[in-house]
């Protein structure tokens, strides 16, 4: 565990409380212009990702989930978190994704890591019965990278142009393509 493992719990609680405030009271933390909203969304999405990376550790005394040492791990992480934030912004902008659409999209991105690492490790262990919880955890963690910023930024400020007609499977497809794109970018960034 990272020395800052407790940030994971704080991020999850922030999402839960923020979602409740948003649904119950239509609460928004700050008022922004359309011009500011995109930048704030991207920066906050990246920041939430970096805070989550602080909760991971590949070796004792270090932080980050992509390398044994902290600094290389955070340099590598930029190959995922920056494209994830920027490309998600453009999808939200173009297709008028709602908070729930963004949650779904991010959850779909999580499947690449969940099905490669978390689910198999749990499924073939004595705790195999926890596999659905592990999958749900991955979905929520990835979703918080994009939805925690939407507790600060009203997603309607990110929308541009007329709302396109999208079927549910289009949204699923965009989430899966976003995941492939971000993971391939991370792989390319890692080879550099």
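Residue numbers (my numbering): 27 to 218. Don't be surprised by glycine CBs; every beta carbon is placed ideally from N, CA and C. Bear in mind that the values here come from a model prediction, so they are computed numbers and not experimental data.
Are the stretch 111-124 and the stretch 172-187 in contact at 8 Å, needing three or more beta carbon pairs?
The stretch 111-124 vs the stretch 172-187: in contact.
Task: For residue 46 and residue 98, the rounded distance between their alpha carbons - done: If I take the Cα positions, the gap works out to 37 Å.
Problem - DSSP three-state assignment for residue 187, whether helix, strand or coil - result: Collapsing the DSSP output to three states places residue 187 in coil.
*asked:* According to DSSP, is residue 90 part of a helix, a strand, or is it coil?
replied: Note: residue 90 maps to strand in three-state DSSP.
- Message: Looking at the strands, I want to know which residues DSSP matches up with residue 83.
- Response: Here residue 83 is bridged, per DSSP, to 90.
Using three-state DSSP, classify residue 182 as helix, strand or coil. Residue 182: helix per DSSP, three-state reduction.
Query raised in the report: Using the C-alpha atoms, what's the distance from residue 124 back to residue 69?
Result: The straight-line gap separating the alpha-carbon atoms of residue 69 and residue 124 is approximately 19 Å.
Taking the alpha helix (DSSP H) that residue 133 falls in, what are its first and last residues? From DSSP, the alpha helix (DSSP H) with residue 133 extends over 125-139.
Would you give the residue range spanned by the alpha helix (DSSP H) that residue 175 belongs to? Element bounds for residue 175: 157-176.
Out of 198, 137, 118, 31, which has the shortest C-alpha to C-alpha gap to residue 87? For the residues 198, 137, 118, 31, the minimum Cα distance to residue 87 belongs to 31.
Hey, how far is the Cα of residue 127 from the Cα of residue 28? The alpha-carbon atoms of residue 127 and residue 28 are separated by roughly 31 Å.
Compare the C-alpha of residue 103 against each of 132, 186, 77 and name the closest.
Of the candidates 132, 186, 77, the one whose C-alpha sits nearest the C-alpha of residue 103 is 77.
Report task. Can you tell me which of 152, 143, 35 puts its alpha carbon nearest to the alpha carbon of residue 161? Result -> Comparing alpha-carbon positions, the option among 152, 143, 35 lying closest to residue 161 turns out to be 143.
Report task. Specify, as a first and last residue, the run of the alpha helix (DSSP H) that residue 196 falls within. Result -> Where residue 196 is concerned, the enclosing alpha helix (DSSP H) stretches over 194-217.
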